[in-house]
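Since the structure comes first, as structure tokens, the remarks are kept for the end.
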Amino acid sequence: MMSTYDRVKKIIVEHIGADPDKITEEASFEDDLEMDSLDRVELVQAAEAAFGVEIEDDEAEAFQKVSDAIKCIDGKQTVTARPATDKLADAVRAANERLAALSPEEQKAHWQAQRESFVRGQIDMGNDKQEAEARAAYRSGG
């Protein structure tokens, strides 16, 4: 997987037409890469599309060096990924708590229902080999 720097460099080369040898993390957009305001807008739009982030106008105006853009993009990717991870952890924790509150008989019934659901799913998919494996696993209690 390409690093953020490599991806930003590729965007600068493809969309702005800058010399790849001049692009470093410390390169100045204006002085080293000779980018004007329209180039900056094009860079921001291409980066937003490539990274799936939204860069505010004031953030883009603060970009002096390539490293500024990289830090902004990396920060936005970290922030957007965290809530989904937290929600998943909360859901797993809640499911485990509900399962732990069941009696042993209720837990056994729960897992039996899960196995039956799995077997039905394999049958519905119409995959004969998987169906046979699912039925064998169900019969053996595993």
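Note that full-length UniProt numbering numbers the sequence shown so that position 26 is 26, with each residue one more than the last.
Where a beta carbon is used, it is the ideal one built from N, C-alpha and C, also for glycine.
Please list, in chain order, all residues of the same chain as residue i whose beta carbon is under 6 Å from its beta carbon, the five residues on each side excluded.
i   : result
A46 : I11 and H15
Tell me the residue span of the alpha helix (DSSP H) that contains residue i.
i           : result
V44         : S37 to F51
T4          : T4 to I11
residue 202 : Because residue 202 is not part of the residues shown, which for the chain are 1 to 142, the question remains open.
What does a CB cutoff of less than 7 Å around residue i pick up in its chain, not counting 5 residues either side in sequence?
i   : result
E61 : none
E59 : C72
R7  : A50
Does DSSP put residue i in a helix, in a strand, or in coil?
i    : result
S67  : helix
S117 : helix
Using the Cβ count rule (16 or more neighbours within 10 Å means buried), how would you classify residue i?
i    : result
A69  : buried
V92  : exposed
A132 : exposed
L38  : exposed
L33  : buried
Once the 5 residues before and after residue i are set aside, which same chain residues still bring their CB inside 8 Å of it?
i    : result
K65  : E25, E26, A27, S28 and F29
Q107 : L99
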